[in-house]
Structures are given as C-alpha cells and as structure tokens.
Amino acid sequence: MHKIFVLDYATFAKSQSLKQETMKTEFAIWMVSFLLQRKAATKETILQEWSRHRNEACSIHRNTFGNYRKKAESLFDTNIEYNPRTQEYFLEHPEQVTQNSMFKWLLQSYTASNAITRRSKLKDRIMLDTTSGGEELIDTVTEAMEKGRCIHLVYQPFWDDPKERCVEPYFIKLFKHRWYLIARKPDEGVFRTYCFDRIKSVRLTEQRFRFRNDADAKTMFRDYYGIIQMPVPKEHIVLKVTCEQGIYLHTRKLHPSQRLIHQDDDYMIFELYLKPCYDFVQELLSCGSSLEVLSPESLRKEMEETAEDLFHIYNPQTNEPQSQLKSPQKDGE
Numbered sequence: 475m476h477k478i479f480v481l482d483y484a485t486f487a488k489s490q491s492l493k494q495e496t497m498k499t500e501f502a503i504w505m506v507s508f509l510l511q512r513k514a515a516t517k518e519t520i521l522q523e524w525s526r527h528r529n530e531a532c533s534i535h536r537n538t539f540g541n542y543r544k545k546a547e548s549l550f551d552t553n554i555e556y557n558p559r560t561q562e563y564f565l566e567h568p569e570q571v572t573q574n575s576m577f578k579w580l581l582q583s584y585t586a587s588n589a590i591t592r593r594s595k596l597k598d599r600i601m602l603d604t605t606s607g608g609e610e611l612i613d614t615v616t617e618a619m620e621k622g623r624c625i626h627l628v629y630q631p632f633w634d635d636p637k638e639r640c641v642e643p644y645f646i647k648l649f650k651h652r653w654y655l656i657a658r659k660p661d662e663g664v665f666r667t668y669c670f671d672r673i674k675s676v677r678l679t680e681q682r683f684r685f686r687n688d689a690d691a692k693t694m695f696r697d698y699y700g701i702i703q704m705p706v707p708k709e710h711i712v713l714k715v716t717c718e719q720g721i722y723l724h725t726r727k728l729h730p731s732q733r734l735i736h737q738d739d740d741y742m743i744f745e746l747y748l749k750p751c752y753d754f755v756q757e758l759l760s761c762g763s764s765l766e767v768l769s770p771e772s773l774r775k776e777m778e779e780t781a782e783d784l785f786h787i788y789n790p791q792t793n794e795p796q797s798q799l800k801s802p803q804k805d806g807e
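The number in the numbering used here is simply the position in the sequence shown, starting from 1, with 474 added.
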C-alpha cells in the first residue's frame, strides 16, 4: 500500500510540474502577444487581462511573475523591460518578434487555437484546413537540430521505393500545408528536401555534426517562391493582374521582393525578383486569365505554351496534336 501511495504521489507531482510548465509557456506567449498590442502595461493590468483572458481569477506571486517573464524572454529571444517611472513593462525590440516568421506563426497559432479551445461549442461552425501530417516527427527532428545529432530516416518518394538516409537536419519549413525538412547529406555535402508526410520513420543517432555557420535558411530560399530549388537564373518578373485578383496578391505577397509599380481602375502591375521554378509557375497559373506575365519573355512563353496545352486538352477535336498532361518535378531523392 505504501509503495502504491509513493508511485501515485510521484505521478501526481510529475503531472503538477507538467501543468505548471504548460501554464508558464501559455502565459509567456500570451504576455508577448498582449504587449505587442498594448505597447506597455503595468503588472496589475497584465494580471487583470490575463484573468479576463482565462475567465478566472488569477493570483501570481511576484517571483512567479518574474519566472514567467523570463520564460517569455527565452521563448521569443527578446527582452521585456521595466519602466520604473510609469511602472510599465514593454518589449525592448518588438520588431525582433514581428519580423521573425517562426515567432509570428507561434503567436498566430496560439491566438487562434486558444480562442477556438475556449469556445468549443462552436466546433461545428469553425472550418479549418489541416496539414498533410508529420507533426509527430517535429519533436525528434528539432531535438536533433538542437543537439547537433544526425537522424536516420526512411523516406518514401512518390515515384520510387523507400530509401534509408542518415542526414544532418538543418532547417524546417512549412509551405502550402506541408512540413519540409532541409537536411545535408554528409557523404555528398549537398542539401536535400524531405517532405514530412513521406518520412515513414525517424530516429536520433549518436553521430554528431557541426552546423555550418555559412548556412542560413533565409539566404537558401531568398530567391525562390516556395520549396522547389532549380538551377535557373534569377529574373526580373513583371505581372499584370486584374484589380479583383491583384488586391489578394497585394495583401498576400508571392515573394518578399514583390512591389506594386502601377495601378489603374482595371489592372495592377507588380514586379518581383526571383528564380521562377515549377511551384511559382503553378501559382501563377492558379490565377487563370486574371494574370498575365509581361516579362521576362521566357516565362511568358512558358505560360503561353501551357495555355495552348490546356486549350488542346479541353478541345480534342482541333487539328493540332493533343499535348500530354505535364507532371511536376520529381523528388530529388
């Protein structure tokens, strides 16, 4: 009986510790989000709003508040400063949070999921898109990234048999509802992209690797639209778009280099600087007749050929030979 009690107490203590850590993380994310909106606030205001947010009275000890504050600083790699004159807390460099894609995604996901969780009665009235899966692998992969350890994975390409790989995990990218691992193959010294929903298994190995200081995620994908990288030249691309479609592109840019250079009552013209790979071309085609490529001529020609292919597919009675459906780029593995 005594042994059972000890085990039950240990389980209880562990669950309480986990609950406290979860609370600390939740408060840390909420506090940063709150300070981004309010710019600055006193401790009393922060705790009052936290209680309102949780819909329950919350009393946090001074030391606990300090620990929660440190958790927020650690989680978002920023400083939460205190102004003794106004007795307010504020983010020292809020742009470090708002300009970081991972921090923005974390805040947006937390805000949305928390609001939905607190209003579970609306579950049949809120419609969400899901990813293609693989989230269960993120913990192992990020642990390997943090510890500088290689991972062994079994990867199933769409057009080939499963392959076993030992790779150095460098980056994770979320694109079009799919998670991707960008990893380096130590035997070849090249980077490969692996879609999480095609990784059948992954495990941590004892083999260590040294992260290359010249490797940078933003630089690696700076000249590309999405996840596909091809050895094509960087181009100055000019797009003419109807205003109805253009307003969507204006508020949700195709690429960080995108800039609006002309607008009238009918059309908007954008310019971009990137390497036009398969996924970028597919995104342009998804706009249908609402978008026209003005330059470069090579991309305009590619769009024209695709339009001709579509015409012959849907008009097989024409005398022109019917073009075959084009397949996307195959896995690099």
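For each residue, glycine too, the CB sits at the ideal point set by N, CA and C. Treat the numbers as computed from the prediction; the structure is a model and nothing was measured.
Alpha carbon to alpha carbon, what distance is there between residue j and residue i?
i       : j       : result
Thr-585 : Trp-504 : 8 Å
Glu-609 : Phe-670 : 8 Å
Gly-663 : Lys-647 : 20 Å
Ile-600 : Phe-577 : 24 Å
Ala-487 : Trp-633 : Note that Ala-487 has pLDDT 49, beneath the 50 cutoff, so the model's placement of it is unreliable and no number is given.
Arg-733 : Glu-745 : 5 Å
Asp-661 : Glu-562 : 54 Å
Arg-652 : Asn-557 : 43 Å
Thr-725 : Ile-743 : 14 Å
Hey, is residue i's beta-carbon within less than 8 Å of any beta-carbon in chain D?
i       : result
Arg-536 : Absent from the structure: chain D. Only one protein chain is present.
Smallest Cα separation from residue i: which of the options?
i       : options                               : result
Thr-496 : Lys-749, Gln-522 and Ala-546          : Ala-546
Glu-642 : Leu-678, Arg-652 and Gly-607          : Leu-678
Leu-713 : Leu-768, Asp-739 and Gly-762          : Leu-768
Ile-590 : Ile-702, Lys-727, Arg-528 and Ala-689 : Arg-528
Gln-737 : Tyr-668, Glu-718 and Leu-728          : Glu-718
Tyr-668 : Phe-695, Gln-630, Glu-680 and Asp-690 : Gln-630
Cys-761 : Ile-721, Tyr-747 and Leu-746          : Ile-721
Phe-539 : Gln-681, Ser-525, Asn-553 and Leu-521 : Leu-521
Gln-756 : Glu-745, Glu-776, Val-506 and Lys-513 : Glu-776
Ala-691 : Arg-593, Arg-658, Asp-598 and Gln-681 : Arg-658
Thr-572 : Ile-656, Ser-763, Lys-513 and Asn-687 : Lys-513
Thr-605 : Val-615, Lys-597 and Lys-650          : Lys-650
Thr-551 : Tyr-741, Arg-559, Pro-568 and Asn-541 : In the sequence as presented, Thr is not what sits at residue 551; that position holds Asp. The shortest C-alpha separation from Asp-551 is found at Pro-568.
Specify the secondary structure class of residue i as computed by DSSP and reduced to three states.
i       : result
Glu-745 : strand
Ile-534 : coil
Gln-737 : strand
Asn-557 : strand
Thr-605 : coil
His-626 : strand
Arg-593 : coil
Lys-650 : coil
Thr-516 : strand
Leu-728 : coil
Arg-528 : helix
Phe-564 : strand
Arg-543 : helix
Phe-501 : helix
What do you reckon, are the CB atoms on residue i and residue j nearer than 8 Å?
i       : j       : result
Gly-700 : Phe-645 : no
Pro-636 : Lys-674 : yes
Ala-515 : Leu-549 : no
Glu-518 : Phe-508 : no
Gly-622 : Arg-666 : no
Val-706 : Cys-751 : yes
Leu-602 : Leu-565 : no
Leu-581 : Val-506 : yes
Ile-702 : Pro-770 : no
Leu-773 : Glu-680 : no
Val-715 : Leu-759 : no
Ile-625 : Ala-618 : yes
Give a single yes or no on whether residue i has its beta carbon closer than 7 Å to a heavy atom of the ligand HEM.
i       : result
Leu-768 : Ligands displayed in this structure: none; no statement on the ligand HEM is therefore possible.
Q: Please go through the segment 652-722 and give each complete beta strand (DSSP E) segment of 3 or more residues, from N-terminal end onward.
A: 652-659, 664-669, 673-682 and 709-716
Q. For the segment 753-800, which segments carrying the beta strand (DSSP E) assignment without a break, of at least 3 residues, lie completely within its bounds, in sequence order?
A. 765-769
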